[in-house]
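Protein chains in written order, with the numbering used here: chain A, 14 to 322; chain B, 14 to 322; chain C, 14 to 322; chain D, 14 to 322; chain E, 14 to 322; chain F, 14 to 322.
Structural data, given as structure tokens:
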């Protein structure tokens with residue numbers, strides 16, 4: 014792709030007012046575990062000899078999905094936006110459970126999290142997915158710091174339902190640690206584990222945590238990077254993606270079932286956030302290269318925007 | 014144990030000058046994985062039904078070894094000392110490898126770390142051991158923040174030996190992140206993973222990392238909490254524990270083999286640290302309750318002190 | 014007295030939470046003139062020849078009552094408590110009056126303070142007692158600064174009763190000077206002379222001044238170091254010392270005469286202070302070595318605590 | 014005295030450049046005890062009845078010598094000059110000694126200071142003269158704070174000669190306390206008592222202390238307010254007062270005896286000061302009303318100026 | 014004129030309390046174009062040869078009217094007063110219009126300002142009169158910075174009457190730029206051009222601007238330097254100059270016509286200012302040398318003071 | 014021009030690293046008077062009636078050359094670059110001289126500047142051209158502040174040649190005022206008048222002033238916006254424009270005459286600047302829309318870059 018000078022100037026003239034508007038503002042980005050799922054956990058033990066003979070270096074690949082995402086976050090940070098990354102890791106947790114011979118149990122459709130499952134989730138989220146994102150950002154030049162809600166006790170959680178075990182709800186978010194990291198020019202990357210006052214950890218839905226953090230930080234934007242093109246008014250019609258919707262409108266769609274499945278917690282987090290101090294919330298298609306950059310810095314409409322009128 | 018008022022006053026009169034001396038000074042404490050090994054990783058999958066019926070809460074026990082350690086660190090922080098905790102986790106890594114059916118490989122007596130082993134080590138260190146220590150400190154009232162050398166790229170590492178795979182040496186430590194956390198009243202807890210500029214992670218010996226961090230922070234003290242009573246001049250004679258030794262003297266003991274096995278990296282880290290700006294280094298018996306508190310705030314001699322004359 | 018390590022650790026584990034709680038908090042300590050009376054003013058002129066031949070150095074004795082008091086104040090300062098010392102000097106004033114051939118006059122039981130008596134009081138309080146306390150603190154390593162209410166005009170006083178001459182009441186306290194000294198790490202030592210806008214000085218009851226300063230500084234504690242074991246519910250029964258009492262309860266004891274004589278102004282100051290922003294007030298036995306340290310940093314009950322429920 | 018507007022404007026046009034030059038600069042003023050001697054210590058005990066009936070209020074008289082001096086200091090402070098007052102009190106000390114029946118002893122012409130004499134000197138200087146000056150300044154609107162060299166240990170002293178007892182020399186001056194008071198807009202008033210590390214106090218010559226403080230503060234000016242018209246080249250010829258002289262020239266006058274008696278320590282302090290960082294030193298006639306103001310803020314030549322060429 | 018020392022001291026004793034009172038306070042001084050009119054714009058083109066042969070240097074003359082004014086402003090700045098100069102330039106604008114062959118047009122007695130007239134006014138005010146005042150202040154040692162209301166958009170203006178063209182009213186004053194300049198020790202000199210949001214400039218009455226700036230800065234004083242002796246209660250009686258008047262009283266004089274012509278906008282600005290946060294407003298005779306200095310720093314009554322009772 | 018999303022993202026990915034690199038860096042831009050010449054000074058007096066009837070508003074036109082330039086400067090400021098604008102105004106000065114009937118005189122090819130010419134230059138530069146640029150920037154959202162070297166005396170100048178009259182050379186630049194304005198987020202716009210210590214103003218070549226300011230500010234870049242496409246190696250060959258050249262190479266071109274006429278002072282300023290702390294200097298074609306934006310934020314090569322190897 015080659016552009017002439019006038020076309021380039023035009024993009025810059027379009028983008029810079031957005032830069033000015035968003036500089037110094039917090040943008041919370043929920044990055045889903047699905048996007049990371051394909052390649053990150055080694056599926057099979059490699060023979061030790063292979064490692065010895067020619068270690069196949071796990072360098073972050075700059076042209077993969079994570080690479081594009083990390084590049085966008087780093088570029089936003091470079092122009093003064095303050096991104097906070099929140100991630101899940103469902104597929105990766107399931108993978109390790111399987112390898113450890115752990116049989117999943119369910120209660121009313123939700124996964125029961127016993128003590129061992131919690132340990133596995135914590136190891137995968139904090140010790141694997143979080144690390145991969147931190148590294149990808151560091152390689153792109155944005156100094157990232159991983160943390161979970163246990164660090165400095167910043168997410169206080171409580172048990173959701175005894176039948177679910179260590180599945181938690183957010184009780185409160187103390188934004189101090191995240192604010193300090195942002196002030197020092199760092200990019201916080203948050204794994205969604207919280208703890209209660211007694212030190213008991215809980216696994217919490219990442220969409221919900223992303224919303225709660227955005228509210229605690231009075232973020233400018235809350236962005237969900239997903240593998241769909243946006244919120245549809247008709248779940249079966251791909252052409253029904255909405256460009257913009259209000260919190261009320263979104264909740265109506267949930268109530269009528271037009272929005273369902275995995276989109277429900279995202280929709281609820283969007284609606285709650287824009288009613289509690291977040292300027293706008295977005296459901297974007299993370300599969301579009303640089304969708305984050307385009308959403309923030311151009312007039313392009315990518316996915317669905319939720320606002321409080 | 015009940016003391017009369019005069020005896021209590023005597024302890025305080027003895028302790029307070031130490032408080033004054035160490036307030037605002039950094040003390041790097043290496044806390045070994047052995048001390049944590051017994052109970053922390055659930056050995057057996059619990060039946061899901063048990064979790065559902067009566068979740069056996071994994072609350073940090075305040076009277077265990079980790080509980081005593083966390084209490085000491087929190088108390089030192091409360092009187093203005095700036096503790097930094099560095100930890101390993103060898104036994105816990107081995108445990109998960111076994112459960113995943115991973116066969117260890119060795120090269121000249123050292124474990125070969127292929128890509129999967131690195132992933133396992135990272136999950137255990139960052140996602141399990143580090144979390145347990147952070148939680149224990151939070152419960153004791155010291156706000157702790159876990160991190161690894163990948164966070165903000167603060168430990169740059171390089172491959173030690175191609176035959177060992179992803180085993181790293183410390184190239185440099187950038188103390189900025191740790192210093193910021195200390196300034197904000199937080200207790201940094203460091204898992205000893207580093208990365209190179211391309212984002213490749215390495216597992217690094219925790220004793221070495223503790224020493225390198227102490228040097229980068231110009232720490233007042235570097236303390237190794239071990240399961241021995243100190244450095245012996247005769248490895249077979251428990252009564253030969255030295256109260257004090259110089260860096261030269263310590264290296265002589267390594268050279269003659271009087272100090273051997275797991276004590277060697279500790280001894281080398283001690284000797285290097287006191288020659289590079291750390292005031293003193295200590296090998297303490299972590300099994301003695303409150304050994305850390307006694308070493309810093311009383312006239313008691315606990316273990317061995319290394320100084321540069 | 015020798016303690017084993019566990020006992021020492023126990024004292025520290027008990028004390029440090031108090032250190033954390035009181036660090037940065039102001040503690041106003043009234044130190045009575047009686048405690049100083051015995052040795053401080055030279056009773057007899059020494060022959061000049063003796064001074065010339067062998068000057069008997071007036072070095073502060075570290076094992077006397079003043080020495081113990083100064084050591085406690087210095088240790089509290091070392092752990093971050095902000096002590097302010099307020100002192101009287103009645104016996105010393107009487108002594109100099111006698112030597113100058115001055116006959117005391119009384120009005121309704123209170124000493125009439127004519128201009129010369131005021132000059133004598135000022136010289137003794139500011140130029141003698143205050144100096145001795147400042148020196149004792151300096152020798153213990155706490156940099157002390159003596160002042161009276163005339164300095165920076167920080168205590169504004171007014172005549173109490175024309176028949177009493179230059180005996181004053183506190184009109185207002187401007188805490189700025191004391192706060193500045195505290196911020197700079199110094200220990201203020203206050204002689205209880207105030208002045209009015211015209212520059213007229215007044216001698217003021219030291220218990221009252223101590224209370225007024227504690228209120229103006231919103232002190233954590235107001236402590237009276239006395240030569241009794243505490244407030245008694247029955248003035249004739251030494252076993253009736255109260256561990257704790259409310260402001261109302263204390264005023265009842267004054268009203269019924271159970272508390273009398275020299276304890277009255279202390280009791281009133283305690284009751285007024287806890288009703289005006291001071292967390293607690295204490296009447297301690299200054300004759301118990303390190304009573305100040307024990308009261309602040311241990312669970313020991315020393316004397317009587319006054320609180321507002 | 015009534016001036017027309019043009020004449021007034023002329024004075025202001027002359028004065029303001031001096032204000033600009035000296036604003037923020039330290040001026041150390043030695044104020045002699047002689048000036049205070051006449052009225053300040055009540056010569057005779059008043060009958061108590063008189064005090065009761067009609068207390069003859071000791072309000073600072075604004076038209077006396079001390080009043081004029083205090084007004085000048087307050088005015089200089091008001092235009093941003095930073096005055097530090099250092100005072101002696103010889104006559105007042107002698108007076109109290111006499112009243113206490115103390116017989117003076119001398120050694121080689123200097124007063125022997127035994128322990129009781131030291132106590133008397135300290136009481137008079139710190140508790141009487143210092144207080145009177147502080148009060149006079151407060152009444153003029155300059156917030157003054159009295160201190161002696163014992164406060165915050167700011168003057169370290171040592172014994173001059175065993176035969177003289179507690180007569181001290183200045184070992185060092187730590188200007189921190191004085192600098193803090195100046196920064197807070199206060200006027201320090203210094204009584205010339207110092208102490209050694211063991212807490213032993215010494216009486217020190219006030220001229221010497223004034224010079225040492227001026228040097229420690231790198232003062233703009235060191236001013237001696239005396240009862241003579243300046244330094245004379247011929248001690249018997251009142252018309253030989255010098256307008257200006259160098260440090261060398263001044264020391265020559267001392268060597269030849271042209272300058273003698275009480276002027277010698279002043280002359281030495283002036284010469285030493287201008288050789289150690291003080292811009293100029295002055296011997297002024299304190300009996301001339303507002304001599305301090307005229308010297309600093311007009312072209313008038315008052316007394317003698319000492320400079321280092 | 015020669016004064017004795019006592020007379021000089023008297024002036025200083027009178028002046029310094031004013032210095033203390035006004036230090037750090039803002040004084041807005043309107044300096045009229047009439048005072049500058051005589052000499053500042055070269056009346057006739059000089060032959061180029063003259064310039065080449067002997068350039069008659071236009072150095073600011075220190076004994077002219079502008080020189081005296083600049084000296085006063087610089088002296089006030091030197092004692093900590095914060096002067097802001099606002100100026101007009103009517104005669105100078107008229108002069109350049111004449112030379113450019115521009116015929117004045119009037120509407121209801123006011124000059125119609127077409128685009129070219131505005132350009133001329135802007136060039137003369139910003140590029141000529143403002144520069145001359147800045148230079149005069151710089152020569153007197155006060156660093157001056159010229160600006161107009163266009164700079165940093167600090168004066169927002171709007172069209173007064175379409176029939177008048179580019180004659181503006183003050184809509185709002187943003188004092189930020191002026192405050193920054195004052196904080197940096199500079200003297201702002203303001204030309205009274207404002208602009209609207211679209212960038213259209215307007216010429217605004219300088220008296221009105223001076224009042225609006227004084228209000229926006231919550232100035233201590235607003236001073237009009239004029240060529241009359243003050244506000245008269247009878248416009249035809251030079252002996253009827255008022256020393257003091259209230260805002261109401263002044264508006265009555267305007268209403269009755271006692272105050273007329275060019276004094277009206279000044280009177281209105283005075284009355285409005287003292288009702289909107291300015292402590293006092295003054296109409297002084299700028300022809301009296303140092304009238305500004307005398308008004309601020311002496312008891313002399315110069316001209317008329319307007320206060321809000 | 015319409016771009017697809019991928020092309021837009023590509024421009025942003027290209028631009029943001031430049032934004033990061035230049036944020037907080039100073040870029041001095043010389044904007045020539047030629048670019049402004051056409052429309053800014055009204056050529057003919059408009060009839061007053063026209064102004065009255067329908068004032069043809071002189072709003073800055075956003076699509077003119079000045080509009081594009083102002084937009085670029087405002088956009089650069091919005092992304093954190095610190096632009097400083099320096100301008101000339103030769104054509105506008107000549108225009109006003111002509112209208113005032115002033116006959117130009119020359120000496121060795123340079124214009125003789127007598128006192129009246131200086132007045133005219135000052136009025137045009139400071140009161141006309143500077144105002145127009147300030148307004149254009151304000152309209153684009155960058156708060157601009159105009160100044161000349163007389164403000165705060167920031168450019169000290171001296172006479173170049175008596176035969177030239179008031180034509181000056183730069184003696185020194187004090188960057189304090191400009192730095193303060195930059196710190197406060199303002200865009201300084203500098204008219205190139207300087208003054209000497211006596212207050213005499215001089216007109217100075219704007220290219221030279223731009224270079225001197227860039228050096229005093231240790232600017233990242235010095236940019237000349239001209240009406241040519243760059244520096245040519247052959248002045249007669251438009252295709253010989255150089256993309257990059259060293260200071261030595263550029264001076265060689267001046268020496269050989271390849272660079273001549275109006276490009277000479279620009280070339281000299283470029284060469285001097287890159288040898289005195291300015292990172293690079295540029296000669297750009299100001300006629301290309303957004304040339305400033307393209308040069309700083311894209312890989313496009315616009316004009317000639319001068320660097321010191």
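We treat Cβ as the ideally placed atom computed from N, Cα and C, and that holds for glycine. Remember, it's a predicted structure, so these values are computed and weren't measured experimentally.
For residue i, the three-state DSSP class (helix, strand or coil)
| i | result |
| --- | --- |
| residue 96 of chain D | strand |
| residue 315 of chain C | coil |
| residue 172 of chain B | strand |
| residue 116 of chain D | coil |
| residue 242 of chain A | coil |
| residue 160 of chain E | strand |
| residue 231 of chain B | coil |
Beta-carbon proximity list for residue i, same chain, < 6 Å, skipping 5 on both sides
| i | result |
| --- | --- |
| residue 310 of chain C | 28 and 31 |
| residue 205 of chain E | 217, 219 and 222 |
Residues near residue i by beta carbon distance below 7 Å, same chain, minus five either side
| i | result |
| --- | --- |
| residue 194 of chain F | 158 and 201 |
| residue 38 of chain D | 94, 95 and 233 |
| residue 119 of chain E | 125 |
Exposure label - residue i; buried when at least 16 CB within 10 Å
| i | result |
| --- | --- |
| residue 302 of chain D | buried |
| residue 261 of chain D | exposed |
Beta-carbon contacts of residue i that lie in its chain and below 8 Å, excluding the five residues immediately before and after
| i | result |
| --- | --- |
| residue 269 of chain B | none |
| residue 326 of chain E | This structure gives no information on residue 326 of chain E, because the portion of chain E shown stretches from 14 to 322. |
| residue 133 of chain B | 106, 109, 110, 113 and 115 |
Checklist entry - Counting pairs of Cβ atoms below 8 Å between the segment 153-170 of chain B and the segment 100-112 of chain B, do you hit three or more? => result no
Next on the checklist: Can you confirm whether the segment 237-255 of chain E touches the segment 268-278 of chain E when touching is taken to mean that 3 or more C-beta pairs between the two stretches lie within less than 8 Å?
Outcome noted: yes
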